[in-house]
Structures are given as structure tokens and as C-alpha cells.
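Just so you know, the protein sequences line up as chains P and H, in that order. Numbering of the first sequence is given in the numbering used here, commencing with residue 1 and proceeding in unit increments. Numbering of the second sequence is given in the numbering used here, commencing with residue 1 and proceeding in unit increments. Ideal Cβ positions, reconstructed from N, Cα and C, are used throughout, including at glycine. Contents: one structure, followed by commentary.
There are 2 protein chains.
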Amino acid sequence: MSAPGKPGLKVSPLAVPFPAIGTIGGVELATGRAGFYKHERDDLLVMRFAPGTTCAGVFTRHKVGSAPVDWCADVLNASGGRDIRAVVINAGCANSFTGEPGAEAARRSAAAIAAEIGAREDQVLTASTGVIGVLLDASKIEAQASAVCGRLKADAWPEAARAIMTTDTFSKGAVGEADIGGVTVRIAGIAKGSGMIAPDMATMLAFVATDAALSPEVMRSMLVPATVKTFNAVTVDGDRSTNDTLLLFATGASGSPEVTDAADPRLAGFRDALLSLLMNLAQQLVRDGEGATKFVKVTVERAESEASARKIARTICESPLVKTAFAGEDANWGRIVAAAGRADEPLVRDRLSVRFGGLWAARYGAVAPGYDEAAMTAYMKQPELEITVDVGAGEASATMWTCDLTKEYVAINGDYRS
Amino acid sequence: MSAPGKPGLKVSPLAVPFPAIGTIGGVELATGRAGFYKHERDDLLVMRFAPGTTCAGVFTRHKVGSAPVDWCADVLNASGGRDIRAVVINAGCANSFTGEPGAEAARRSAAAIAAEIGAREDQVLTASTGVIGVLLDASKIEAQASAVCGRLKADAWPEAARAIMTTDTFSKGAVGEADIGGVTVRIAGIAKGSGMIAPDMATMLAFVATDAALSPEVMRSMLVPATVKTFNAVTVDGDRSTNDTLLLFATGASGSPEVTDAADPRLAGFRDALLSLLMNLAQQLVRDGEGATKFVKVTVERAESEASARKIARTICESPLVKTAFAGEDANWGRIVAAAGRADEPLVRDRLSVRFGGLWAARYGAVAPGYDEAAMTAYMKQPELEITVDVGAGEASATMWTCDLTKEYVAINGDYRS
Numbered sequence: 001m002s003a004p005g006k007p008g009l010k011v012s013p014l015a016v017p018f019p020a021i022g023t024i025g026g027v028e029l030a031t032g033r034a035g036f037y038k039h040e041r042d043d044l045l046v047m048r049f050a051p052g053t054t055c056a057g058v059f060t061r062h063k064v065g066s067a068p069v070d071w072c073a074d075v076l077n078a079s080g081g082r083d084i085r086a087v088v089i090n091a092g093c094a095n096s097f098t099g100e101p102g103a104e105a106a107r108r109s110a111a112a113i114a115a116e117i118g119a120r121e122d123q124v125l126t127a128s129t130g131v132i133g134v135l136l137d138a139s140k141i142e143a144q145a146s147a148v149c150g151r152l153k154a155d156a157w158p159e160a161a162r163a164i165m166t167t168d169t170f171s172k173g174a175v176g177e178a179d180i181g182g183v184t185v186r187i188a189g190i191a192k193g194s195g196m197i198a199p200d201m202a203t204m205l206a207f208v209a210t211d212a213a214l215s216p217e218v219m220r221s222m223l224v225p226a227t228v229k230t231f232n233a234v235t236v237d238g239d240r241s242t243n244d245t246l247l248l249f250a251t252g253a254s255g256s257p258e259v260t261d262a263a264d265p266r267l268a269g270f271r272d273a274l275l276s277l278l279m280n281l282a283q284q285l286v287r288d289g290e291g292a293t294k295f296v297k298v299t300v301e302r303a304e305s306e307a308s309a310r311k312i313a314r315t316i317c318e319s320p321l322v323k324t325a326f327a328g329e330d331a332n333w334g335r336i337v338a339a340a341g342r343a344d345e346p347l348v349r350d351r352l353s354v355r356f357g358g359l360w361a362a363r364y365g366a367v368a369p370g371y372d373e374a375a376m377t378a379y380m381k382q383p384e385l386e387i388t389v390d391v392g393a394g395e396a397s398a399t400m401w402t403c404d405l406t407k408e409y410v411a412i413n414g415d416y417r418s
Numbered sequence: 001m002s003a004p005g006k007p008g009l010k011v012s013p014l015a016v017p018f019p020a021i022g023t024i025g026g027v028e029l030a031t032g033r034a035g036f037y038k039h040e041r042d043d044l045l046v047m048r049f050a051p052g053t054t055c056a057g058v059f060t061r062h063k064v065g066s067a068p069v070d071w072c073a074d075v076l077n078a079s080g081g082r083d084i085r086a087v088v089i090n091a092g093c094a095n096s097f098t099g100e101p102g103a104e105a106a107r108r109s110a111a112a113i114a115a116e117i118g119a120r121e122d123q124v125l126t127a128s129t130g131v132i133g134v135l136l137d138a139s140k141i142e143a144q145a146s147a148v149c150g151r152l153k154a155d156a157w158p159e160a161a162r163a164i165m166t167t168d169t170f171s172k173g174a175v176g177e178a179d180i181g182g183v184t185v186r187i188a189g190i191a192k193g194s195g196m197i198a199p200d201m202a203t204m205l206a207f208v209a210t211d212a213a214l215s216p217e218v219m220r221s222m223l224v225p226a227t228v229k230t231f232n233a234v235t236v237d238g239d240r241s242t243n244d245t246l247l248l249f250a251t252g253a254s255g256s257p258e259v260t261d262a263a264d265p266r267l268a269g270f271r272d273a274l275l276s277l278l279m280n281l282a283q284q285l286v287r288d289g290e291g292a293t294k295f296v297k298v299t300v301e302r303a304e305s306e307a308s309a310r311k312i313a314r315t316i317c318e319s320p321l322v323k324t325a326f327a328g329e330d331a332n333w334g335r336i337v338a339a340a341g342r343a344d345e346p347l348v349r350d351r352l353s354v355r356f357g358g359l360w361a362a363r364y365g366a367v368a369p370g371y372d373e374a375a376m377t378a379y380m381k382q383p384e385l386e387i388t389v390d391v392g393a394g395e396a397s398a399t400m401w402t403c404d405l406t407k408e409y410v411a412i413n414g415d416y417r418s
């Protein structure tokens with residue numbers, strides 16, 4: 001029943017398969033067609049959580065924002081992230097830049113699901129993705145609420161991931177587990193996003209749930225730093241969205257001991273599992289970057305600070321000249337040097353070095369001795385590339401992931417609304 | 001004899017004709033083929049100036065920079081911009097990121113021309129454009145110095161503009177005049193650049209000469225603020241170059257009274273003429289943006305400060321999603337709102353308004369009442385667009401010019417070195 005985000009898109013050559021998630025105790029999911037798209041596809045997802053589920057979220061810092069993000073922030077602020085019962089997500093309309101009517105549409109969406117599952121509207125979160133500036137028609141969600149909630153089941157993660165796709169060419173999921181106080185807990189997540197992906201989130205929606213028992217404070221303490229290293233470290237086109245939302249839910253259904261102190265040593269394994277899962281999802285966004293044919297890891301070493309390393313890495317990752325060179329399989333390391341130098345961060349020109357995989361392109365401020373164009377060109381033909389830039393100004397480093405900029409990106413985005 | 005920058009490129013649909021410059025007293029020009037390109041084309045330009053010519057320059061603020069920029073900065077610093085006799089320019093090799101050997105190559109280029117015209121090497125400036133990271137072969141310039149300097153003549157401005165092209169599809173020039181103390185002075189300039197164009201200059205070379213008599217201090221006082229409003233207000237792809245150079249020469253050949261005080265009221269007309277000429281050249285760079293089919297003026301109004309307005313305008317102008325929408329003739333004003341909101345500058349969401357020409361797309365934080373998609377679509381089909389964004393946060397405004405992002409941009413840049 002579910003079709004890809006946009007008919008006719010070819011699946012990314014960098015796609016990875018959807019994992020076998022199975023079930024997460026305390027989580028049920030169902031999808032339906034509200035009709036935000038002209039073509040036949042699911043565009044509505046409801047996730048229901050067991051009573052007492054806790055939640056933490058990270059949202060876009062975009063100045064315009066959107067009604068569903070405002071709604072989530074208000075709900076989480078008022079509840080402290082306690083006893084959240086559901087989230088309702090639609091694709092096909094971002095409900096951003098829609099003023100007071102947009103806020104009311106978000107509220108009505110939450111209320112429609114709340115009524116079906118016997119909860120209050122302020123226990124239901126919302127998320128939307130799609131075209132900006134179009135008011136969400138909440139009546140479409142109200143009309144489907146009963147039918148969708150009647151289909152809730154524990155093993156619908158694959159359908160859920162498909163229902164939230166927009167220009168995504170493959171559905172994105174990840175799963176993991178960890179030990180908390182001798183009890184194995186499970187964690188699973190889905191995400192969508194392929195364009196407008198940038199540091200500081202993106203048109204990116206991610207929903208992660210675990211059967212561990214965690215206080216909202218503990219979840220926030222793990223989620224915020226993990227986001228910096230994962231979702232905020234990927235960029236497709238530098239365009240941050242109005243709707244970015246990452247939500248983490250903990251149902252407690254595993255029976256694991258409740259952790260309420262962020263410094264609790266029993267969290268170590270879970271923290272690692274969460275970071276690994278978020279990294280997996282974030283990298284899948286890049287693998288599905290619109291028109292992408294190359295998955296590129298850019299590491300900046302010996303920068304003055306981690307923030308400086310990140311800024312240089314981001315400048316390289318978002319340079320159209322660098323990204324088109326990747327698309328052309330051109331080992332044009334001069335453009336990487338040029339991008340590093342315009343980041344307005346400390347670098348020592350005469351120590352600046354650039355490596356493609358294990359091949360030195362530039363060393364100490366000039367082309368590398370024995371530079372081998374044929375070997376570089378062969379390296380560039382691989383689908384996954386690793387670029388390392390040593391800026392010689394300190395001891396800090398940072399890594400960011402991006403993709404190439406192809407004609408297909410232009411085609412997809414020159415024609416999005418039609 | 002001169003061929004375009006790269007064979008096979010179609011001339012930009014936004015091109016404007018090269019003006020009739022005629023001559024500027026005290027300036028002679030000559031071109032030649034040093035052989036930095038495999039195909040037959042001029043790639044070398046020498047401009048000779050009358051004894052006593054003054055000079056001011058603005059250069060890239062790129063952290064890597066290049067040997068010719070270093071050379072110019074050193075010469076102008078040591079001489080105070082007095083008695084500059086020539087500039088030698090090559091296309092096809094940027095001589096950037098080439099360390100000590102690159103610096104020596106720049107010096108040798110200057111020395112070769114100096115010897116031919118009876119000047120010292122520290123009276124000759126240099127400029128280079130082309131691939132980064134390749135050492136300039138100065139012997140190619142030395143071999144041509146005598147022949148080129150033997151061809152110097154006053155009316156070779158059109159050939160000069162063609163010799164410095166790289167991926168430019170048309171040659172760029174502008175001419176103007178002004179009155180200084182009852183004497184008519186003339187001013188003319190040429191420029192090159194089409195990719196790697198960004199605020200804070202670009203792979204942009206511009207050489208402007210006048211027959212007025214101006215002290216270097218007076219020239220600097222006019223050139224720096226004019227650059228902010230012109231070359232720093234255009235962007236093709238946000239990629240600033242290592243080699244950006246804007247040089248202004250004043251020969252004094254008109255016999256106009258020498259002006260040595262930046263506050264001299266007799267400068268008013270010249271200041272306007274210079275600003276207008278630089279604006280003309282800067283906009284030609286955008287009109288030749290790689291693959292460009294749309295020339296777009298973006299004005300941000302009611303920002304908190306002029307700097308804030310500029311940052312918002314630049315974020316809009318450099319957003320790949322906005323630029324691909326222009327390419328697709330899609331009036332996707334939501335992407336403009338999204339870009340404005342991620343500039344991290346003050347804006348009032350409920351006052352935010354967007355106008356395409358005279359058509360309101362968004363007003364006061366939502367789609368404009370009576371929004372007419374057909375009229376918007378018709379507007380987008382024009383080759384020149386004007387977008388105005390009111391951010392409702394203050395009283396300052398700024399304008400920036402950009403072009404669209406097309407498949408052709410990707411094609412040109414995915415394959416530049418081959």
C-alpha cells in the first residue's frame with residue numbers, strides 16, 4: 001500500500017536495508033492515508049505508548065519554526081515529558097508559517113488521536129513534514145483517526161517508516177539493545193529526511209523508542225549531546241528546516257530499574273547504544289541525500305577547538321564546488337583547501353594537509369610529494385569516500401558526513417511542488 | 001584569436017554586450033598566449049601605466065590566499081601604492097597553495113615584465129586565476145614577456161577582457177566618466193569570474209583604471225566601501241576564492257587637479273561613477289554565474305541592522321533549495337521563508353512578508369490573502385527576478401544579487417579539471 005515519498009524517484013545507490021526491528025514493549029504503531037498526497041500512499045502515522053511513558057525532544061532552532069514543533073515544545077514544557085501517550089505524524093504538509101490557524105490544526109490533530117486512545121490532547125505530540133506555507137487540513141486527520149487507531153499493533157515499524165517519507169527513496173530504521181542493571185532493554189527508531197538536511201537538524205523527523213525506564217531529565221541529558229555528534233553532524237545542502245523534530249520515548253515495559261540520575265553508571269551501555277542508533281539513522285539521511293551518489297566522511301584534525309573543527313568541516317561539506325567535484329569523481333583537492341580557508345577559522349597554511357583515504361593530496365601547504373593523479377582518480381570512483389584535512393592549528397578534531405551535489409539534486413528540487 | 005574561457009560553453013542567456021571603452025589616458029594593454037591552456041587562446045594580459053600612476057587594491061580575505069595576492073599586498077604596502085607601472089595577469093593557473101616556489105614564480109613574472117618596460121619588479125603587480133594547487137610555470141610568462149610588451153596599445157580593452165576569462169562565457173567590461181574640478185575624467189574596468197563567486201570577493205579579478213589624479217589614500221577611501229555594496233553583494237555559490245583581486249589605478253593623464261583628501265567635495269561625482277562601474281561589473285559576474293538562467297535581486301527590508309539584513313539576504317541567496325526553485329521557475333516562497341529563518345538573525349514571524357516583484361506571496365506570517373499561483377508562476381518565467389523580504393524587526397535593509405542553481409552548474413563544476 002505504501003509508496004515511496006515521490007513516485008518515479010530511483011532508490012539511492014547508497015541505500016541500506018531496513019532492519020528487523022520486531023517490537024519494543026509498550027509501543028504500538030499504525031499508518032493510514034489522510035490524503036495529503038494526490039497519489040496513493042500512506043501519509044499518516046500514529047505511535048501509541050503505554051501509560052507512564054516519558055519523553056524528551058530536540059527541535060529545530062529555526063526562527064520561523066512550525067505549528068507542530070510549537071505544540072510539542074508546549075506539551076513537553078507543561079508536562080515535563082511525563083505520561084506522553086502518543087505522537088501523530090503526517091507527511092505532505094509541513095504546517096509551517098501558517099499562523100494561528102496552523103496552531104489550531106496541530107491541536108485538533110492531537111485531540112483527534114487523544115479521543116480515540118482515551119488520553120488528553122496534551123498527552124499527544126505532533127509532527128509534520130512537507131511543503132512550507134500550506135495550512136494543515138486537520139479534518140483529513142480527524143476523518144482517519146478512528147480507522148488508524150483501530151489498526152495499532154506492535155510490529156508495524158516498517159510501515160511506520162514508509163508513511164513518513166517525503167523525497168526519501170528508502171525507509172530508514174535502526175535497532176539496538178543495552179543492559180540496564182542486569183535487564184536487557186531494546187531501542188528502535190525511524191527517521192525521514194533527504195533534502196534540507198543540515199547541521200542543527202533538517203527537514204528531519206526521527207522517532208526513537210525504548211522499553212527502558214528513564215526519567216525525562218535523564219533522557220534529555222543523553223539526547224542533546226548525542227544530537228551534536230549525529231544529526232547535527234550531517235549535511236546534504238545546508239538548508240535547515242522549520243520542522244526538525246527528534247523525539248525519544250521510554251515506556252519502561254522491559255521492567256528494567258528506573259534511572260533518574262544522569263550520572264548513574266548503569267546508563268553507560270544505553271548511552272552508547274543510543275548514540276550508535278542515532279548515528280546510524282543520521283548517516284542514512286546522508287545516504288538518501290537528494291540525488292546523492294557518494295557518501296563522504298570529512299574529518300578535520302588539529303584544529304584550534306572542536307567548534308572550529310566543526311565549522312571548517314561544515315564549510316567543506318557545504319561547498320557547492322567541493323560537492324560537485326565529488327559528483328564528477330574529480331580529486332580536486334584544491335577546492336577542499338579553498339573551502340577550508342574560507343571558513344574564517346584558524347589554520348596554518350604551511351601545515352595544511354589533505355588526505356583522500358590513505359592517499360596524501362596535499363602536505364604542508366603544497367601538493368604532496370609523489371602526488372599520483374591516477375591513484376586519486378581511482379579512489380574517487382568508490383561510492384564511499386573519506387577526506388581528512390589537517391589544519392595544523394591545534395589538537396581538536398571533528399567529523400561530518402555529507403554527499404555529493406548532482407544534476408539529480410537540481411532536478412528533484414527544481415520541481416518539488418509540481 | 002582569443003577563445004572563450006572553456007570551449008563548448010554556451011554563452012549565458014543573461015549576458016550583456018561588452019561596452020565601447022575606447023582608451024583611458026596613461027593606460028596601454030596587450031595580450032598573448034603563455035600556454036596555460038591546451039587549447040588555442042590568449043591567457044596572458046599586461047597593463048602598462050604612465051609613470052606616477054597610483055594604485056589601491058582590495059584582496060581576498062581567504063586564509064589560504066595565493067602567491068600573486070601576497071605579492072600585490074607586499075608591493076602596495078612597501079610603495080604606499082605610488083608609482084605602480086604595470087600589472088601582469090594570467091588565466092589557467094591560480095598559483096595558490098604553492099608555498100615558497102609559488103612566491104618565487106610570482107616574483108619572476110613581475111620581474112619579466114619590469115625588465116621589458118624599464119621598471120623595477122616592485123612596481124609590477126600580479127594576478128592569477130585557474131586551478132588551485134598548481135605551481136605557476138613562470139618561464140612561460142618570461143618567454144612571452146618581450147612579444148607581449150611589444151604589442152602594448154591603448155585600445156586593447158576588449159582583447160584584455162577576453163584573455164582573463166576562465167569559465168566565463170562572455171567578457172566583462174564597464175566604462176564611465178565624471179567631473180573633477182571642471183575636468184572630465186574617464187574610468188574603465190574589466191572583470192572575470194563566474195563560479196566561486198561569493199560575498200567577500202570571489203575567484204574574481206577586476207582591473208579598473210582612470211585618468212584622474214588621485215592619491216592612493218583617496219582611492220582606498222572610495223574603494224573599500226564601494227566593494228561592500230558591489231562585489232561583496234553578489235554571490236553565485238558561496239565559494240570565496242584564494243585569489244580575489246580588485247585593483248584601481250589612477251594615471252593622472254586627464255590633467256584633472258590631484259585630489260589627496262578623501263573629504264574633498266570635488267570627489268562626489270567620481271565616487272558615484274566608481275560605485276556605478278563596480279556595480280555594473282559585479283552584476284555581470286552574476287549574469288555569468290555558471291549555468292545561470294535567472295538574475296535575481298534579493299532585498300531584505302526592516303531588519304535590525306544593515307549587517308543583519310545582509311546576512312539574511314546572503315542566506316537566501318546561497319540556499320540550494322531557493323536557487324533550485326528559481327531554476328525550476330517554481331514560486332516556492334516557503335523556501336525563502338525557511339532560508340530567512342535559519343539565518344540566525346532577528347525576525348518577527350508574524351510580520352514576515354515576501355514579495356515577488358509586485359506580487360505578495362506571504363504577508364504577516366502566512367500565505368498572502370488572494371495569493372495567485374498562476375500570476376506567481378508567470379512572474380517566475382522572467383529571466384530577471386526581484387524578491388523582497390520584510391522581516392519586521394527594524395528599519396535597515398540590504399540588497400544582494402544571485403543567480404539560480406541549474407544542472408548545468410553541476411555539469412560545469414563536476415568536470416572542471418578535465
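I think residue i touches residue j, with their Cβ atoms under 8 Å apart; what is that distance to the nearest whole Å?
| i | j | result |
| --- | --- | --- |
| V46 of chain H | A56 of chain H | Not quite, the Cβ-Cβ distance comes to about 20 Å (not below 8 Å), so this is no contact. |
| T324 of chain H | A339 of chain H | That belief does not hold up - the Cβ atoms of T324 of chain H and A339 of chain H are roughly 12 Å apart, past 8 Å. |
| N243 of chain H | V16 of chain H | With 8 Å as the limit, N243 of chain H and V16 of chain H do not qualify as a contact, their Cβ atoms being about 24 Å apart. |
| L285 of chain H | A362 of chain H | At roughly 30 Å, the Cβ-Cβ gap does not stay under 8 Å, so L285 of chain H and A362 of chain H are not in contact. |
What number of angstroms, rounded off, separates the C-alpha of residue i from the C-alpha of residue j?
| i | j | result |
| --- | --- | --- |
| S305 of chain H | R162 of chain H | 40 Å |
| R108 of chain P | K140 of chain P | 11 Å |
| A331 of chain P | L405 of chain P | 15 Å |
| A378 of chain P | W360 of chain P | 14 Å |
| M222 of chain P | A268 of chain P | 10 Å |
| F233 of chain H | V208 of chain H | For clarity, residue 233 of chain H is Ala in the given sequence; the question names Phe instead. Going from the Cα of A233 of chain H to the Cα of V208 of chain H covers about 18 Å. |
| L352 of chain H | G394 of chain H | 12 Å |
| K10 of chain H | A396 of chain H | 39 Å |
| F456 of chain H | G25 of chain H | Chain H is shown from 1 up to 418; residue 456 of chain H falls before or after that span and cannot be answered. |
| K38 of chain P | G92 of chain P | 10 Å |
| A202 of chain H | G193 of chain H | Low confidence applies here, because A202 of chain H scores a pLDDT of 40, under 50, leaving its location unreliable and the question unanswered by this model. |
| F97 of chain H | G392 of chain P | 15 Å |
| G370 of chain H | M376 of chain H | 12 Å |
| F249 of chain H | P383 of chain H | 35 Å |
| A145 of chain H | W333 of chain P | 31 Å |
| G65 of chain P | S241 of chain P | 8 Å |
| A154 of chain P | A86 of chain P | 14 Å |
| P101 of chain P | D43 of chain P | 21 Å |
| S418 of chain P | F356 of chain P | Annotation note: pLDDT 42 at S418 of chain P (below 50); position unreliable, coordinate value reported separately. Distance between the alpha carbons of S418 of chain P and F356 of chain P: 39 Å. |
Classify residue i as helix, strand or coil using the three-state DSSP reduction.
| i | result |
| --- | --- |
| E345 of chain P | coil |
| A398 of chain P | strand |
| G334 of chain P | helix |
| D74 of chain P | helix |
| K10 of chain P | coil |
| G118 of chain H | coil |
| R82 of chain P | coil |
Determine the chain H residues that contact residue i at a beta-carbon separation under 8 Å, and present them in chain order.
| i | result |
| --- | --- |
| H62 of chain P | A338, G341 and R342 |
In chain P, which residues lie with their C-beta within 7 Å of the C-beta of residue i?
| i | result |
| --- | --- |
| L246 of chain H | Simply none; closest approach about 17 Å. |
Quick one: list the residues of chain H neighbouring residue i, beta-carbon separation under 7 Å, in chain order.
| i | result |
| --- | --- |
| M327 of chain P | The displayed chain sequence assigns Ala, not Met, to residue 327 of chain P. Here the neighbours are V410 and G414. |
For the stretch 124-139 of chain P, which residues have a CB atom closer than 7 Å to at least one CB atom of chain H, in sequence order?
Correct list: V131, I132 and G133.
What residues in the stretch 70-89 of chain P have a beta carbon less than 8 Å from any beta carbon of chain H?
Closer than 8 Å at the C-beta level to chain H, one finds no residue of the stretch 70-89 of chain P.
Which residues, in chain order, does the stretch 329-353 of chain H contribute to contact with chain P at a C-beta distance below 9 Å?
Residues of the stretch 329-353 of chain H with a C-beta less than 9 Å from any C-beta of chain P: E329, D330, A331, N332, W333, G334, R335, V337, A338, A339, A340, G341, R342, A343, D344, E345, P346, L347, R349, D350 and L352, listed in chain order.
Identify each residue in the stretch 353-381 of chain H for which the Cβ-Cβ distance to at least one residue of chain P is less than 7 Å, and report them in chain order.
If the cut-off is 7 Å between Cβ atoms, the stretch 353-381 of chain H has A362, G365, A366 and V367 near chain P.
Positions along the stretch 396-413 of chain H whose CB lies within less than 9 Å of some CB in chain P:
Within the stretch 396-413 of chain H, the qualifying residues are D404, L405, T406, K407, E408, Y409, V410, A411, I412 and N413.
Give the residues from the stretch 95-110 of chain H that approach chain P closer than 7 Å (Cβ to any Cβ), ordered along the chain.
Residues F97, T98 and G99.
Could you list the residues in the stretch 34-63 of chain H with a C-beta less than 9 Å from some C-beta on chain P, going in chain order?
Hits within the stretch, in order: T60, R61, H62 and K63.
Identify each residue in the stretch 241-274 of chain P for which the Cβ-Cβ distance to at least one residue of chain H is less than 7 Å, and report them in chain order.
Within the stretch 241-274 of chain P, the qualifying residues are S241 and T242.
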